[in-house]
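*Asks:* Sharing a structure here in structure tokens format.
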Amino acid sequence: MSKTMPFQTLFTLVAGALLSFSAVAAEGGHLQQAGTDIGDTASLQRGAQLYMNYCSGCHSLKFMRYSRMAEDLALSEDEVMQNLNLTGAKFGEQVQVAMPVDGANKWFGKMPPDLSVISRVRGSDWIYTYLKSFYLDESRPLGWNNTLFPNASMPNPLWQMQGLQRPVYGKHNAATGETPVEHLELAQPGNQSAAQFDQTARDITTFLEYVGEPSALKRQSLGVWVILFLAFFTFLAFLLKSEYWKDVH
């Protein structure tokens with residue numbers, strides 16, 4: 002049985018990857034490059050504030066504690082508790098939502114998902130593209146749709162910054178009975194320029210990428226020292242080799 006485990010594990014990983022690619026293809030949009038950098042502390046701080054102000058009312062981060070966020074994002078306890086804690090939770094508690102389950106079921110049909118590991122499941126490019134792909138759709142219960150994730154059960158939380166987008170449809174497909182959205186155009190500007198909103202979406206994506214794997218920050222900083230050590234060791238090894246071989250010739 003132990004001999005078959007590696008094959009079974011490999012098969013599971015390959016199957017999971019294929020399903021993930023199929024899901025992205027089914028949801029269809031072309032993924033834009035997020036260009037995130039979790040080593041950018043300022044971007045992480047902005048992303049944390051944006052997430053707490055615009056997303057945390059519906060989406061929890063059950064694997065993230067306020068205390069860990071303060072430590073990793075170079076924030077004081079007062080800064081976190083006054084600016085990022087909107088539920089009255091204690092400093093050492095997890096990021097939860099105040100929304101009751103009954104209210105969520107009434108407004109959205111179900112409780113919005115926790116986003117602690119969304120970056121690991123979907124990827125940063127998916128999150129970034131999703132945040133930019135909302136458009137007005139009167140046929141939907143909440144009046145919104147998304148080209149990357151059609152029929153998503155949520156409105157655009159960032160519409161005041163992004164503005165209102167409307168779809169430009171392509172040719173009707175008689176075989177499927179669908180009319181595809183070719184692209185989106187801005188119907189009403191928001192309070193940010195396109196470049197500013199790109200940065201807003203990138204900051205939120207960067208924060209969620211960090212939340213999905215907080216240890217990546219420490220690994221990144223440790224990696225620099227490892228490379229420096231290896232470079233120094235290589236230099237010493239070269240000097241030692243030169244000393245050993247100097248009399249051979």
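Here this note's numbering = 1-based position in the sequence shown + 1.
From the three backbone atoms N, C-alpha and C, an ideal C-beta is built for every residue, glycine too.
Looking at GLY58: is its Cβ nearer than 9 Å to the Cβ of MET100?
*Replies:* Yes, these two residues count as a Cβ contact at 9 Å.
*Asks:* Let me know if HIS184 comes out buried or exposed under the rule of 16 or more other beta-carbons within 10 Å of its beta-carbon.
*Replies:* The residue is exposed, with fewer than 16 neighbouring Cβ atoms inside 10 Å.
*Asks:* Apart from the five residues just before and just after GLN193, which ones in its own chain have a Cβ nearer than 6 Å to its Cβ?
*Replies:* MET162.
*Asks:* How would you label THR180, buried or exposed, when you count the other beta carbons within 10 angstroms and need 16 or more for buried?
*Replies:* Exposed.
*Asks:* Quick check: the Cα distance between LYS242 and PHE234, rounded to an integer number of angstroms?
*Replies:* Taking the straight line joining both Cα atoms gives about 12 Å.
*Asks:* Taking the beta strand (DSSP E) that PHE135 belongs to, which residues open and close that run?
*Replies:* Per DSSP, PHE135 belongs to the beta strand (DSSP E) from 135-137.
*Asks:* To the nearest angstrom, how far is it from the Cα of GLY124 to the Cα of LEU229?
*Replies:* Rounded to the nearest angstrom, the two C-alpha atoms are 30 Å apart.
*Asks:* Using a threshold of 9 Å, state whether the C-beta atoms of SER61 and GLY110 are closer than that.
*Replies:* No, the pair does not count as a contact, with Cβ atoms beyond the cut-off.
*Asks:* Exposed or buried, TRP145, counting other C-beta atoms within 10 Å across all chains shown (16 or more means buried)?
*Replies:* With 16 or more other Cβ atoms within 10 Å, it is buried.
*Asks:* Taking 8 Å as the line, does the beta carbon of SER194 fall inside it for any heavy atom of the ligand ATP?
*Replies:* The ligand ATP is not part of this structure, which contains no ligands at all.
*Asks:* Any chance the stretch 91-107 sits against the stretch 127-134, with 3 or more Cβ pairs inside 8 Å?
*Replies:* Because the criterion of three Cβ pairs below 8 Å is not met, the stretch 91-107 and the stretch 127-134 do not touch.
*Asks:* Looking only at its chain, what residues have a beta carbon closer than 8 Å to the beta carbon of ARG141, apart from the 5 residues adjacent to it on each side?
*Replies:* If we look at ARG141 and ignore the five residues flanking it on each side, its Cβ neighbours are ASN152.
*Asks:* Taking the C-alpha atoms as reference points, what is the distance between GLY164 and ARG69?
*Replies:* Each residue's Cα considered, the two are about 34 Å apart.
*Asks:* For the stretch 129-163, which segments carrying the alpha helix (DSSP H) assignment without a break, of at least 4 residues, lie completely within its bounds, in sequence order?
*Replies:* Correct list: 160-163.
*Asks:* How would you call ASP38, buried or exposed, if buried means at least 16 neighbouring beta carbons within 10 angstroms?
*Replies:* Burial call: exposed.
*Asks:* Going along the chain, which unbroken runs of the alpha helix (DSSP H) with 4 or more residues stay wholly within the stretch 164-244?
*Replies:* With a minimum length of 4 residues, the continuous alpha helix (DSSP H) runs that stay inside the stretch 164-244 are 195-213.
*Asks:* Using the rule of at least 16 other Cβ atoms within 10 Å of the residue's Cβ for burial, across every protein chain shown, is ALA202 buried or exposed?
*Replies:* Classification for ALA202: buried.
*Asks:* Is it buried or exposed for GLY48, if we count other Cβ within 10 angstroms and need 16 for buried?
*Replies:* Per the 10 Å Cβ criterion, buried.
*Asks:* Are ALA214 and SER120 touching if we call contact CB-CB under 9 Å?
*Replies:* Reading off the sequence shown, one finds Glu at residue 214, where the question assumed Ala. Yes, they are a contact pair.
*Asks:* Going by beta-carbon coordinates alone, are VAL182 and THR148 separated by less than 9 Å?
*Replies:* Result yes, Cβ atoms of VAL182 and THR148 sit closer than 9 Å.
*Asks:* Do GLN46 and MET65 have their C-beta atoms within less than 9 Å of each other?
*Replies:* Against a cut-off of 9 Å, the Cβ pair of MET65 and GLN46 comes out as no contact.
*Asks:* Quick one, are the C-beta atoms of LEU143 and PRO158 less than 9 Å apart?
*Replies:* No; because the gap between Cβ atoms is not below 9 Å, this pair is not in contact.
*Asks:* For my contact list, GLU86 and GLN50 are in at a C-beta cut-off of 8 Å; report their separation, rounded to the angstrom.
*Replies:* The amino acid occupying residue 86 in the given sequence is Asn; Glu does not appear at that position. No, ASN86 and GLN50 are not in contact; Cβ-Cβ is about 11 Å, not under 8 Å.
*Asks:* Considering Cα atoms alone, identify which of ALA71, LEU137, THR177 is closest to LYS91.
*Replies:* Per the Cα distances, ALA71.
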